[in-house]
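In our numbering, the protein residues as written are 1173 to 1434. Here is the structure we will look at.
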């Protein structure tokens, strides 16, 4: 994935939300994008997915800039589970293949295997209303993974969960994504979550108040997929990067409110 000189201004807006944004993500890398609310993180995902065309610059997924091709290459998981309440869990997950014109019987068979893989096989006939928030979120992630797209885009995928459920699903997702070859681009406000689930953290920020956002800094080097969540949270390298990210976010918030960089 390659974003070069990317900028976007919404129709009628006085200022661009993104400008001069450059980012390269190798195939199979897992990155997390953090930044102040309203800085353009969700817009960035929409551009990558081909749902929004950049006003300036270029966006390419698998070396293809065409919006339709970018969309074909991406599975987008928005905030919330987005499960259809009138469908069973099995048919909700199977939608990701049915939308690709896979036959119903084949799609349901593949969906059942995916539900078994994520520990929800016994709930395949249940409606979403019968499931806990954590189970619904796992089902939504299973649906995105079943699409078998080379790029998974996740916009605050765990944002609606309580702290205990969030920790459980973080560990499950961490175990799951380390065994997939898909490229992951995840937006989150949770710095711990970013460091737990990604190999690289990207800060999207403004240089001054009212300026458009761009990539201002990245971090890497702490990630280890063979250590459990509880162990990694106590790691010295993890703590160092966490502190640096939080300090950078605090500085960006100060600048966004009209402060100076002193």
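For every residue, glycine included, the Cβ atom is placed at its ideal position computed from N, Cα and C.
Annotated three-state conformation of residue 1258 is coil, per DSSP. Three or more Cβ pairs drawn from the stretch 1216-1230 and the stretch 1176-1194 lie within less than 8 Å of each other, which places the two stretches in contact. The C-beta distance from residue 1414 to residue 1364 rounds to 7 Å, short enough to meet the 8 Å contact threshold. Counting C-beta atoms within 10 angstroms of its own C-beta, residue 1382 has fewer than 16 neighbours from the protein chains shown and is therefore classed as exposed. Scanning 1424, 1371, 1368, 1200 for the CA closest to the CA of residue 1320 turns up 1200. The three-state secondary structure of residue 1196, taken from DSSP, is strand. Positions of the alpha helix (DSSP H) runs, each at least 4 residues long and wholly inside the stretch 1355-1429, are given as 1363-1369, 1401-1405, 1408-1428 in order along the chain.
The beta-carbon distance between residue 1369 and residue 1399, rounded to whole angstroms, is 13 Å. This is too long to meet the 8 Å contact definition. In the three-state reduction of the DSSP assignment, residue 1306 falls in the helix class, which pools H, G and I. Secondary structure remark: continuous beta strand (DSSP E) runs of at least 3 residues inside the stretch 1240-1304, in chain order: 1246-1249.
Under a 10 Å Cβ-count criterion, residue 1221 is classified as buried, with 16 or more other Cβ atoms of the shown protein chains found around its own Cβ. One thing to note: residue 1262 has its Cβ within 8 Å of the Cβ of residue 1280. When the beta-carbon positions are compared, residue 1389 and residue 1339 stay at least 8 Å from each other.
Between the alpha carbons of residue 1195 and residue 1296 lies a gap of roughly 39 Å. Residue range 1323-1327 is occupied by the beta strand (DSSP E) that includes residue 1325.
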